[in-house]
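Peer 1:
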Amino acid sequence: MEKEKVAKKSIDPEGCREQNTNEDVASKGDDVKPSEPKEKAKEPDKGNNSLAGSRHDASIVNRGENASHDDIQRSCQQLIDDINAKRKRDTDLLNDFRKVLEEQINTSCNVLEESIVQTYEKHSKIIQDKLQELFAVLERISKLESELMDFKQALGVLYNDMQVV
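In terms of full-length UniProt numbering, the sequence shown is residues 1 to 165.
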């Protein structure tokens, strides 16, 4: 019967969780608490076995427990290693993504900067033309003001000369 219990206990594909847990055993009607050792969980033998036969069965169960315990530990360690490897791979992927994203952002910023510079140059040409036109008009205004002042002075001299005559 003990051999059947050990044989029935299996490990899921993930390798870390027993399918037949202590809670399952307790829920099937055994009065075994999950924290009790498996020796207490043994069902009494139904037939008359000798003491030597019981010791032989106990040693097989202990070896089975140690083997399954070691298997579970190895499986759990393998899962932990796999999880750590996946986390490292995720971290590397994130870092690579960050680098690619930074390169794309830099490229986009450079394109935007070039576009802005081209817009400035285009508008700068228009502004330069307008400023040259404005300075030409201001120069003409300055000449006209100077001519107007000369005319005013000449008119004032003419008025004074007419007053004297």
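Virtual Cβ for every residue (Gly too), placed ideally from N, Cα, C.
By how many angstroms is the C-alpha of K152 removed from the C-alpha of S146?
Peer 2: Cα-Cα distance, rounded: 10 Å.
Peer 1: Quick check on V111: does DSSP put it in helix, strand or coil?
Peer 2: Three-state result, V111: helix.
Peer 1: Kindly indicate which three-state DSSP category V157 falls into: helix, strand or coil?
Peer 2: Three-state DSSP puts V157 in a helix.
Peer 1: State the DSSP-derived secondary structure class of V117, mapped to helix, strand or coil.
Peer 2: Helix.
Peer 1: Output the distance between the C-alpha atoms of L112 and E102, rounded to the nearest integer angstrom.
Peer 2: Taking the straight line from one Cα to the other gives about 15 Å.
Peer 1: Alpha carbon to alpha carbon, what distance is there between K86 and E121?
Peer 2: For E121 and K86, the distance between alpha carbons rounds to 52 Å.
Peer 1: Less than 8 Å between C-beta atoms, sequence neighbours within five positions excluded: which residues of the same chain meet that for I126?
Peer 2: Same-chain partners within the cutoff: there are none.
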